[in-house]
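Working notes for the structure below.
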Amino acid sequence: MQEFDPEDVLSRPLMANLATVTEDGAPRNAPVWFVWENSAIWLLGSSDGSAVKHLERDPRCAVEIVHFDNEAGILLHLGLRGVATVEPMSPDRFMRLLHKYLGPEAGWNEWFIDNVAQIEHPDGRMIRLAPTSIFTNNVSFFRTGPDFAWPPG
0 MQEFDPEDVL
10 SRPLMANLAT
20 VTEDGAPRNA
30 PVWFVWENSA
40 IWLLGSSDGS
50 AVKHLERDPR
60 CAVEIVHFDN
70 EAGILLHLGL
80 RGVATVEPMS
90 PDRFMRLLHK
100 YLGPEAGWNE
110 WFIDNVAQIE
120 HPDGRMIRLA
130 PTSIFTNNVS
140 FFRTGPDFAW
150 PPG
């Protein structure tokens, strides 16, 4: 297998899946937006959200991110594991996250920002995972055979 730099996947506006453990020990996952800063992945949450409640009870979690481009033959899997903390909302960090996914503010949907994102809402939280382990799996040969489509030549 050919290694790849996790920073490449972490810098892209991809969906991450956050896996937590419920009170009865069942796995639970949720798709989330994220930003990578200061050697930690930061995910959105709220004080009454299930992911925050699960992590406050049992902070062990995993985050999986996949960069998949079928046409180009790219398939990169990044796994992060560790113990998360629930932090107060950081409006500045949240704005950087929104820029990552939505682009320049001039193109933002005001209804989404006001009614869904609610940057300054007092219940907003950020989930911080400074991973204790990082796993990369480059399977970018599914179209090319033994030659990798990633990284590009």
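Residue numbers (numbering that gives the first Met the number 0): 0 to 152.
Note that CB positions come from ideal geometry on N, CA and C, so glycine has one too.
For the 8 Å CB-CB criterion, V20 and R59 form a contact.
Restricting attention to beta strand (DSSP E) runs no shorter than 3 residues, the segment 123-148 encloses them at 123-128, 132-137, ordered along the chain.
With contacts defined by Cβ atoms closer than 8 Å, R124 and M88 form a contacting pair. Here the alpha carbon of Q1 sits roughly 8 Å from the alpha carbon of V138. Between the alpha carbons of W110 and E119 lies a gap of roughly 15 Å. Restricted to the segment 80-114, the alpha helix (DSSP H) segments that are unbroken, complete and at least 4 residues in length are 90-101, listed in chain order.
By the 16-neighbour rule on beta-carbons within 10 angstroms, F93 is buried. Assignment of alpha helix (DSSP H) within the segment 36-77, counting only whole runs of 4 or more residues, yields 49-56 in chain order.
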